[in-house]
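Data first, discussion second: the structure below is written as structure tokens.
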Amino acid sequence: MDKDTKQKKLEGFSLLEVVLTIALILLMGGLLFPTTIYNIQKSRVNSYAAQLKTDIRYQQQCARNKNIPTGIYFRAGEYILFDGEDFASSTEKDTKKLPGNIRMPLFSLTNGNSILFPAGEFRPSSYGHITLSASGYSTKVGINMEGLIENE
147 MDKDTKQKKL EGFSLLEVVL TIALILLMGG LLFPTTIYNI QKSRVNSYAA QLKTDIRYQQ
207 QCARNKNIPT GIYFRAGEYI LFDGEDFASS TEKDTKKLPG NIRMPLFSLT NGNSILFPAG
267 EFRPSSYGHI TLSASGYSTK VGINMEGLIE NE
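Residue numbers for the sequence shown follow the numbering used here, beginning at 147 and rising by one.
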């Protein structure tokens, strides 16, 4: 037996193979990272939109079932649930703040910055839509004159 058959020849990866593998991993990460960030922001915006819809429904039900006027007042970065004819004369207030990365750049409501529900009514006296956005993704939450709440 000769010496070469007794010793195992060890082989490894060449420098070129290692560099190409790392480059491929970085390329895939570079392509997937922005999509992942966008999907996370989209999920957050949709989550806060669902919370806003729940709060609008809550105020709607309070007006109908408790026979008291209620509403929601919107301003930059927050919205306020209130009991009363309007925000200025309201008695009970509950402020809901949005996180810094979620914005409400636009509210298109028939009564300025408020959605109002008269006492004993399911239909709002003011209606429209509110836009929530973050990092290039936005969604609208709307309430129509019949009192139906929807994402647009």
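In this text, a Cβ means the ideal position worked out from N, Cα and C, and glycines have one as well. Quantities reported herein were computed from a predicted structural model and do not represent experimental measurements.
Using a C-beta cut-off of 8 Å, the segment 176–184 makes no contact with the segment 215–227, since fewer than three inter-stretch Cβ pairs fall below that distance. Counting other Cβ atoms within 10 Å of its Cβ, Ala-280 reaches 16 or more and is therefore classed as buried.
The shortest CA-to-CA distance from Pro-245 to any of Leu-177, Ser-193, Ser-254 and Ile-168 is the one to Ser-193. For Thr-256, no alpha helix (DSSP H) encloses it, and the DSSP letter there is neither H nor E.
Under the three-state reduction of DSSP output, Tyr-273 falls in the coil class, being neither helix nor strand. Within 10 angstroms of the beta-carbon of Ile-171 lie fewer than 16 other beta-carbons, which makes it exposed.
Cβ-Cβ separation between Ile-248 and Leu-198: approximately 10 Å, too far for a contact (criterion under 8 Å).
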